[in-house]
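**Student:**
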Amino acid sequence: MACLFTSSGAAARQFRYETRVGNVGINVGVAAPMAYFPFSGWKDSFFGDLHAQGRDAIDFYTEKKVVVERWPSNWSRKF
Numbered sequence: 874m875a876c877l878f879t880s881s882g883a884a885a886r887q888f889r890y891e892t893r894v895g896n897v898g899i900n901v902g903v904a905a906p907m908a909y910f911p912f913s914g915w916k917d918s919f920f921g922d923l924h925a926q927g928r929d930a931i932d933f934y935t936e937k938k939v940v941v942e943r944w945p946s947n948w949s950r951k952f
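Positions 874 to 952 (our numbering) are the ones given, in order, by the sequence shown.
(1) Apply the 10 Å Cβ neighbour rule to R893 and answer buried if 16 or more other Cβ atoms are within range, or exposed otherwise.
(2) Counting C-beta neighbours from all protein chains within 10 Å, is the total for V903 16 or more, i.e. buried, or is it exposed?
(3) Starting from the Cα of T935, find the closest Cα among V901, G895 and R943 and give me that residue.
(4) Quick one: what does DSSP say G882 is sitting in, helix, strand or coil?
(5) Decide if G898 is buried, meaning its Cβ has at least 16 other Cβ atoms within 10 Å, or exposed.
(6) Beta-carbon within less than 8 Å of F888's beta-carbon, same chain only, minus the 5 sequence neighbours each way: which residues are those?
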C-alpha cells in the first residue's frame, strides 16, 4: 500500500503507474477501497483456493492495482 498527497495530476499519474504495490491512495490517508474493490497484494498476499483455469488463472497471474483518488475543488492545505 502506498499513498501520495499532491495537487499535481502529473505527479499522481507518475506515482500510480510506477509504484509497485497493489493498493494506491492519491490524496487519501489510507488506500482502503470500498468493499466491492479487491483488497489484496501482489506478492504473498493470496488467500484461498487457486483455480488455475480460465478467468481465475488470468486474474491470478495478472498484477492488478486499485487506485483510490480524491480531488477536492477547494484544497484545505498546500502540499
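A virtual CB, placed ideally from N, CA and C, is assigned to each residue, including glycine.
**Tutor:** If we stick to the structure as given:
(1) exposed
(2) exposed
(3) G895
(4) helix
(5) buried
(6) A875, L877, T879, V897 and I899
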